[in-house]
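Numbering (mature numbering (1 follows the signal peptide of the UniProt record, and there is no 0)), first residue to last: -35 to -1, 1 to 769.
Report on the structure given below.
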């Protein structure tokens, strides 16, 4: 059942919202007029007024004079009452269309739109349900006074409970009334039973979807709507429809009662609506259809009874009698168990029949013989075991047949003899152990799905006569080998899916006769070698070899025109390029993730690449200039590798001189980076202005193992400061020091024995760590060796020092 939309927030969000509201109220108190002051936007055929709320004190619409359409949009963030000022539209006599959006109105006063003499279309959508379930838009009997030219009225999304008596009286020319997503509980609350005026009598479309109606009674006022063509009652709580509920609606074309709580319908419901074209009853609990319910609906084109509880006991040869022009019949998701020979006896013009997701286990011979115009038949998700030779008799123009998810194990050889025009056949998810011989009669077939079966072998000649076949799906079978001749009878084959089989070997030349092939899926198999198999397929654009057992890969193995290559989940140790192919390779998307790659260099990545996925490998080295020639590079994923050190020049990319072209996006998280003084650049790489380096998209997820860390040795890189990036040193002499060749050199820094010393790039931080050396080392030497005089931090903890 439809759930009314609502917003919820936790305590913090609620407090923040209250603060925003109080601030808005305070500002409005100081300058009342500013809250109802328009911010104007001018478009070709309309003018838009954006403001916080509507205030009773007035609304200056001078900027909209002379326009044909005006949109007034209040702020969605301000949950505060709006009030429609009187005489606001008196100067807009030429206005043809008015829309008031998101203004939290609680009332439409009398004569709210007076002066709009030419208005033809009006929309008032307060979205009061966002404010609260009790915030109802109340209407007055004279709210629409003066709108004699109005043809379309949209009052959806307002929490309206009722239309007052006489509300529609001024609207003598109204043709479309939209009351969707309100809170009408009874049909009488619509005010249609008013007999003292002619308002609404010209109505052609009435939309009451997403309300709370419980019944459609007799005498609810629609009988006077002689011109009504479209009645929408979907997504209500309707459990009862009276026999005379549609009385007087002789012009009705479309009736939508879907997604309610109906269990049955009265026998004479459609007796006075013989011109119906569409009836939608899906999504109810209908278990019984009275005999003759659809009798004499000779103009009906579409009947949707899906997602109900209809059984074969209540669907018989009289259920659809008389529907001689029916084109679409949907009986999906019901409880049918059999189809008799007379069930569709008079449906001569039926073109689409949907019977999927029932429990059909038996179909009588020649059951489809009367529906000789049928071009789409869906029998998926049923309990069929056998397709016998007479099952599809008469279906000479059938174009699409869907039989997936049945229990089919036997397909008789002549079952498709009368369906020679079939273009799409789906036999997936059944119990076939071989490709049916019967498909050889389908010379016009374009797409064949045999996936999720138990096919282990495909003999040469199996697909003979299928000269038009472009798509073949064999995923999730038990095929072990691909041999020369297996697909030789498919000259127009474009897409081949052999994923999730047991393919261990592909003979060279297996695809030589498939000159039009563009996409091949072989993922989830047991391939160990692809050398010489695909390189000659000039038309191949898309190749998936993921999750096989490949160890050796070279770009010479793939055709030069290939655009998309997936080799993830193998055991590949290197993206080989023995012949140094660069200009010859056209790959744009390369997924080599979840392999065993250890390094990445310029020849391992084609210059044509745009998207490169090498995450979850063992990459510890990225060579210089690896990405410098990749002018189309957009994304590189290096997540979860073995990178410890990374220099800025290793990520240099092709220069992007203008901001029109975005920088490539790199992902580096999940690597065990050791952040010494040479890694300080990574923290500021996204702020570089040279535009020769990528943007690190997951910088907050990059963590560092610190060379000198007291406390947590692993820290997020974004939490570090420049002084935290430290390198070890033993001795160091500054450039201005001239006495370091002598023993008594005051400006030479030497790290004391048994200590570790660190510095940042600028030597502004100089850490000497002599902690935890023990008593013996210090007592034996009579104390520590002198500490460098430029030390900024000295650690002597954990020692037994007799003197300093």
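We put the CB at the ideal spot given by N, CA and C, even for glycine.
- One Cα belongs to residue 637, the other to residue 3, and the distance between them is close to 56 Å.
- Scanning its chain for C-beta atoms nearer than 7 Å, with the 5 sequence neighbours on each side dropped, one finds around residue 725 the residues 642, 687, 688, 690 and 691, in chain order.
- In this structure, the beta-carbon distance from residue 369 to residue 353 does not fall below 7 Å.
- Per DSSP, the beta-bridge partners of residue 759 are 733.
- Within the stretch 386 to 454, the complete beta strand (DSSP E) segments of 3 residues or longer fall at 389 to 391, 412 to 414 and 436 to 438, listed in chain order.
- Distance check between residue 322 and each of 109, 371 and 278 places 371 closest, using alpha-carbon atoms only.
- Cβ-Cβ distances below 6 Å link residue 454 to 428 and 429 in the same chain, with the five nearest sequence neighbours on each side left out; the list follows chain order.
- Between the C-alpha atoms of residue 578 and residue 536 there is a straight-line separation of about 15 Å.
- Per DSSP, residue 313 lies in no beta strand (DSSP E) segment and is marked neither H nor E.
- For the options 730, 279 and 735, the alpha carbon positioned closest to that of residue 716 is the one of 735.
- In its chain, beyond the 5 residues on either side, 638, 640, 680 and 682 have a beta carbon closer than 6 Å to the beta carbon of residue 669.
- When 402, 76 and 571 are compared, the shortest CA-CA separation from residue 543 is found for 571.
- By the criterion of a C-beta distance shorter than 7 Å, residue 75 is surrounded in its chain by 105, 107, 108 and 110, once the five residues flanking it on both sides are discounted.
- Your pair residue 272 and residue 247 checks out as a contact, with CB atoms roughly 5 Å apart and the cut at 8 Å.
- Taken through DSSP and simplified to helix, strand or coil, residue 376 comes out as strand.
- Within the stretch 176 to 217, the beta strand (DSSP E) runs of at least 3 residues that lie entirely inside it are, in chain order, 195 to 197.
- Nearest to residue 293 by alpha-carbon distance, out of 41, 339 and 299, is 339.
- The alpha carbon of residue 181 has as its nearest neighbour, out of 195, 166 and 201, the alpha carbon of 201.
- Under a 10 Å Cβ-count criterion, residue 55 is classified as exposed, with fewer than 16 other Cβ atoms of the shown protein chains found around its own Cβ.
- In this structure, the beta-carbon distance from residue 485 to residue 508 falls below 7 Å.
- Put simply, the stretch 294 to 314 touches the stretch 262 to 280. At least three CB pairs are less than 8 Å apart.
- Under the three-state reduction of DSSP, residue 69 is assigned to coil, being neither helix nor strand.
- When only Cα atoms are considered, residue 564 and residue 482 end up about 33 Å apart.
- For residue 37, the enclosing beta strand (DSSP E) starts and ends at 34 to 39.
- Here residue 643 carries a helix assignment [DSSP, helix/strand/coil].
- For residue 121, DSSP assigns no beta-bridge partner whatsoever.
- Inclusion of residue 364 and residue 388 in the CB contact set at 7 Å is warranted, their separation being smaller than that value.
- Annotation note: the stretch 137 to 161 contains the following uninterrupted beta strand (DSSP E) runs of length 3 or greater, listed N- to C-terminal: 141 to 143.
- Contact check for residue 633 and residue 587: beta-carbon distance about 10 Å, past the 8 Å limit, so the pair fails to qualify.
- Contact between residue 658 and residue 611 fails: their C-beta atoms lie close to 12 Å from each other, not under 8 Å.
- In this structure, residue 178 sits near residue 149, with a CB-CB distance shorter than 7 Å.
- Unbroken alpha helix (DSSP H) stretches of 4 residues or longer found wholly inside the stretch 348 to 375: none.
- Taken atom to atom, the span from the alpha-carbon of residue 406 to that of residue 379 is near 8 Å.
- For residue 614, the three-state secondary structure derived from DSSP is helix.
- Going by C-alpha positions, residue 241 is about 7 Å away from residue 262.
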